[in-house]
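Participant: Numbering (this note's numbering), first residue to last: 76 to 593. Glycine included, C-beta positions come from ideal geometry on N, C-alpha and C. Note that this is a predicted model, so its numbers are computed, not measured.
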Amino acid sequence: MNVIRETQSICPECNKVLPAKIFERDGKVWIKRECMDHGEIEELYWGSHEMYMRASKFNLEGKGVENPSIKKETIDCPSDCGLCKDHLTHTTLANIVVTNRCDLSCWYCFFYAEKAGYVYEPSLEQIREMARNLRNERPVPGNAVQLTGGEPCLREDLIEIIKAIKGEGIDHVQLNTDGIRLATDPTLAKRVREAGTNTVYLSFDGLTPKTNFKNHWEIPSILTNCRSVGLGIVLVPTVIKSINDHEVGGIVDFASKNIDVIRGVNFQPVSLTGRLTTAERDKYRITIPDVIQRIEDQTKGEISKDDFYPVPCTGPITRFVEALTGRAHYELSVHFACGAATYLFKDGDKLIPITRFVDVDGLFEYLDEKADEIERGKNRYWVAVKVLSKLGKFIDKEKQPKGLNLSKIIINALIRHNYEALGEFHHKTLFIGMMHFMDKYNYDIERVRRCGIHYLVPNGLIIPFCAFNVIPEWYRDKIQKDFGTSIEEWEKKTGRRIKDDFYVRKVKREELAEAKMA
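1. Nearest by alpha-carbon distance to VAL309: which of THR283, THR252, ASN487 is it?
2. Can you check whether the CB of LEU209 is closer than 8 Å to the CB of ARG176?
3. With DSSP collapsed to three states, give me the class of THR274.
4. Looking at the structure shown, is GLN475 part of a helix, part of a strand, or coil, going by DSSP?
5. Can you have a look at ILE202 and say buried or exposed, based on whether 16 or more other CB atoms are within 10 angstroms of its CB?
6. Could you pull the start and end residues of the beta strand (DSSP E) that TYR120 belongs to?
7. Throw me the rounded Cβ distance for the VAL304 and GLY271 pair, which I believe falls under 8 Å.
8. Buried or exposed, going by whether 16 or more other CB atoms sit within 10 Å of the CB of LYS591?
9. What's the C-alpha gap between TYR518 and ALA416?
10. From LYS132, PRO284, ASP101, pick the residue whose C-alpha is nearest to that of LEU119; which is it?
11. Leaving out five residues before and five after ALA593 in sequence, what residues of the same chain have Cβ atoms less than 7 Å from its Cβ?
12. If I follow the unbroken beta strand (DSSP E) through CYS541, where does it start and stop?
13. Determine the closest residue to ALA188 out of PRO227, GLU212, SER198, with distance taken between C-alpha atoms.
14. With DSSP collapsed to three states, give me the class of PRO344.
15. Output the distance between the C-alpha atoms of LYS241 and ARG268, rounded to the nearest integer angstrom.
16. Leaving aside the five residues before and after GLU566 along the sequence, list all residues of the same chain whose C-beta is less than 8 Å from its C-beta, in chain order.
17. Leaving out five residues before and five after ARG108 in sequence, what residues of the same chain have Cβ atoms less than 7 Å from its Cβ?
18. Let's see if you can read the secondary structure: which residues bound the beta strand (DSSP E) around ASP422?
19. Can you tell me whether DSSP reads LEU466 as helix, strand or coil?
20. Quick check on DSSP: helix, strand or coil for ALA593?
21. Where do the N-terminal and C-terminal ends of the alpha helix (DSSP H) with PHE329 fall, by residue?
22. Hey, how far is the Cα of LYS503 from the Cα of LYS421?
23. Alpha carbon to alpha carbon, how far is VAL579 from ASN77?
24. Going by DSSP, what residue range makes up the alpha helix (DSSP H) through ILE565?
25. Quick one: residues in its chain with C-beta nearer than 6 Å to the C-beta of GLY139, no 5 flanking neighbours on either side, listed in chain order?
26. Quick one: what's got a C-beta closer than 6 Å to THR393's C-beta in the same chain, skipping five residues either side?
27. Considering only the beta carbon of each residue, do ILE363 and VAL323 sit closer than 8 Å?
28. List, from N- to C-terminal side, the alpha helix (DSSP H) runs of 4 residues or more that fit wholly inside the stretch 488 to 513.
29. Mind checking which residues open and close the beta strand (DSSP E) that includes LYS425?
30. Pop quiz: THR167 and ALA206 are said to be a contact at Cβ under 8 Å. What is the actual Cβ separation, rounded to whole angstroms?
31. If you run the structure through DSSP and keep just helix, strand and coil, what is TYR516?
32. Of the choices CYS89, THR299, THR560, ASP151, whose alpha-carbon is the least far from that of GLU521?
33. Taking 8 Å as the cut-off, decide whether the C-beta atoms of ILE318 and ASN290 are in contact.
34. Out of ILE315, GLY401, LYS316, TYR276, point me to the one whose CA is closest to LEU298's CA.
35. Hey, is the stretch 429 to 444 in contact with the stretch 379 to 390, meaning 3+ C-beta pairs nearer than 8 Å?
36. My parser needs the alpha helix (DSSP H) runs of 4 or more residues fully inside the stretch 115 to 178; what are they?
In structure tokens, the structure reads:
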């Protein structure tokens, strides 16, 4: 066994914390541990050893949090999440579940009210308090919130919720939605935009009715309504092997053809919940390298695996800005195996990855060197002047897409701290990323300790995604049940039925038949 590193994991049957080994076999990366009660558990971790080793070079030890909610001296991870002193990444994006009700019932979904048996809907004041808790995080106050569910658009007070969060000083609010209400209510996009929503995080699993039955017919209306009010969209495909992985290249193409309203695609390899046999897991399991390879194959090399970088690759940028300003800044110090991304620029009909005209590795190394110089006592202003004069050498202006001045955008963001420049950057590019949330089979506690996507909950805790959702009996289900109400009580109080939320699509019979045959 070619052991790469040792970590801790859990038994998928009893949740016992176990020592685990990450190892290479047949060009892939696996995780293995043994439970005294339930035997050996082995699972695919990353589909490419080569890509894993390249990504691991960007491993980053984050700054964590100075004011953790969990005050225990000895931490048992992942049973003491909240955050704790051992957590290595501040909150980069905070999820607030505003309801567990949904108008759909997707088979791979984490949860929804009817399945849970209760309704969880925090009050407006509870939501405000959660946002305040996020803003109080140190050394980096949280500044980005995602409203999620269930389906957040089922909240009748959604606009008030968005305004309340913005009122607590949160700059970035994104709406995680299936888009059904955005399609059926032409005024909703305008109202959420005016309330302060920056981005719609739109579920989008494929290009055909078969792969994307949930909102295939509604997508044109969603795009039209968001486009008309300047509300940007990020497509979020849950990628499942043997189900929709043959369409990932087509999804990128679809996004590029609607680049005026679609800002990016964030692929999410499926998290396998419930008890599954090895054969069942093998049928559906897909990892970040597998998705990247399919994108390369399906775009015929227009986008290659070498164009993708792990999330913590941006560490040198943060380090340089912190050295220049003398204060802590937003840092993407998540585990290198959690996600990867690239940026594409559209030049006519072509998609040009940023790596084709920017020496990304060279730029990161240079910024690291300059941060070193400032930290060793060099005058930060002289270093900044030097950076201004040298940045251009990392950009091939002949290969740079027409109309793009990337040097100017970088200088405005890094040196002048004009972050509107980053907005300009995002409006000229298509972000292609992926984030693989774990499940009990591929669980790596080192990834949990570095998680940057957290849940805000009414009891004041801030809980990493892969603790909150992967061990729901400890976190998600327990907390939401404690702060929720029974379906019977909710229906009696509101005079409505949970089943009334479910969306009934009016599609012609022949279209449904065609979808089933596709």
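Facilitator: Looking at the atomic coordinates:
1. For the purposes of this step, residue 309 is identified with residue 234 of the sequence shown, where counting begins at 1. When only C-alpha atoms are compared, the closest one is THR252.
2. Mapped onto the sequence shown, residue 176 falls at position 101. Mapped onto the sequence shown, residue 209 falls at position 134. Result no, Cβ atoms of ARG176 and LEU209 do not sit closer than 8 Å.
3. Indexing the sequence shown from 1 puts residue 274 at position 199. It is a strand residue.
4. The residue labelled residue 475 in the question sits at position 400 within the sequence shown. Three-state result, GLN475: coil.
5. Looking up residue 202 in the sequence shown gives position 127. Per the 10 Å Cβ criterion, buried.
6. Stepping through the sequence shown from its first residue, residue 120 is reached at position 45. First-last of the beta strand (DSSP E) with TYR120: 114 to 121.
7. As a working note, residue 304 is residue 229 in the sequence shown. As a working note, residue 271 is residue 196 in the sequence shown. Between GLY271 and VAL304 the Cβ distance is about 13 Å, and since that is not below 8 Å, they are no contact.
8. The count along the sequence shown starts at 1 and reaches residue 591 at position 516. Summary for LYS591: the model assigns pLDDT 49, below 50, so the residue's position carries little reliability, and this model does not support an answer.
9. The residue labelled residue 518 in the question sits at position 443 within the sequence shown. The residue labelled residue 416 in the question sits at position 341 within the sequence shown. Roughly 22 Å between the two C-alpha positions.
10. On the sequence shown, position 44 is the one that residue 119 refers to. Ranking the options by Cα distance to LEU119, first place goes to ASP101.
11. The residue labelled residue 593 in the question sits at position 518 within the sequence shown. Because ALA593 sits at a pLDDT of 47, beneath the cut-off of 50, its placement in the model cannot be relied upon, and the following sentence gives the value as read from the coordinates. Only THR283, PRO284, LYS285 meet the Cβ criterion.
12. Translated into the one-based positions of the sequence shown, residue 541 becomes position 466. First-last for CYS541: 540 to 543, but that is the alpha helix (DSSP H), not the beta strand (DSSP E).
13. Taking the sequence shown and counting its residues from 1, one reaches residue 188 at position 113. Answer by Cα proximity: PRO227.
14. Here the question's residue 344 lines up with position 269 in the sequence shown. Reduced to three states, the DSSP call for PRO344 is strand.
15. In the sequence shown, counting from the first residue as 1, residue 241 sits at position 166. In the sequence shown, counting from the first residue as 1, residue 268 sits at position 193. About 12 Å.
16. Looking up residue 566 in the sequence shown gives position 491. Excluding residues within five positions, the ones whose Cβ falls inside 8 Å are ARG572, ILE573.
17. Working through the sequence shown from its first residue, we reach residue 108 at position 33. Taken in chain order, the residues that qualify are SER84, LEU93, PRO94, ALA95, ILE116.
18. Sequence index remark: in the sequence shown, residue 422 carries index 347 (1-based). Its beta strand (DSSP E) spans residues 414 to 422.
19. Within the sequence shown, residue 466 is the residue found at index 391, counting from 1. Correct three-state label for LEU466: helix.
20. Position 518 of the sequence shown, counting from 1, holds the residue named residue 593. At ALA593, the pLDDT of 47 sits below 50, so the modelled position is not reliable; the number obtained from the coordinates is stated separately. Here ALA593 sits in coil by DSSP.
21. By one-based count along the sequence shown, residue 329 stands at place 254. From DSSP, the alpha helix (DSSP H) with PHE329 extends over 323 to 332.
22. As a first step, residue 503 must be located in the sequence shown, where it is residue number 428. As a first step, residue 421 must be located in the sequence shown, where it is residue number 346. Their backbone Cα atoms lie some 8 Å apart in a straight line.
23. Walking along the sequence shown from the start, residue 579 turns up at place 504. Walking along the sequence shown from the start, residue 77 turns up at place 2. For VAL579 and ASN77, the distance between alpha carbons rounds to 52 Å.
24. Here residue 565 is taken as the residue at index 490 of the sequence shown, counted from 1. Note on residue identity: the sequence assigns Trp, not Ile, to residue 565. Start and end: 562 to 569.
25. Walking along the sequence shown from the start, residue 139 turns up at place 64. Only HIS162, LEU163 meet the Cβ criterion.
26. Looking up residue 393 in the sequence shown gives position 318. HIS404, GLU406, listed in sequence order.
27. Taking the first residue of the sequence shown as 1, we reach residue 363 at position 288. Taking the first residue of the sequence shown as 1, we reach residue 323 at position 248. Their beta carbons are not under 8 Å apart, which means ILE363 does not touch VAL323 by this criterion.
28. 495 to 503
29. Against the sequence shown, residue 425 aligns to sequence position 350. Note, LYS425: beta strand (DSSP E), 425 to 428.
30. Along the sequence shown, one-based indexing puts residue 167 at 92. Along the sequence shown, one-based indexing puts residue 206 at 131. 15 Å between Cβ atoms; not a contact.
31. Taking the first residue of the sequence shown as position 1, residue 516 is located at position 441. TYR516 falls in the coil class under three-state DSSP.
32. Against the sequence shown, residue 521 aligns to sequence position 446. The residue with the shortest Cα to Cα distance from GLU521 is ASP151.
33. Looking up residue 318 in the sequence shown gives position 243. Looking up residue 290 in the sequence shown gives position 215. No; because the gap between Cβ atoms is not below 8 Å, this pair is not in contact.
34. Sequence index remark: in the sequence shown, residue 298 carries index 223 (1-based). Selected option, being the one with the closest Cα: TYR276.
35. yes
36. 124 to 131
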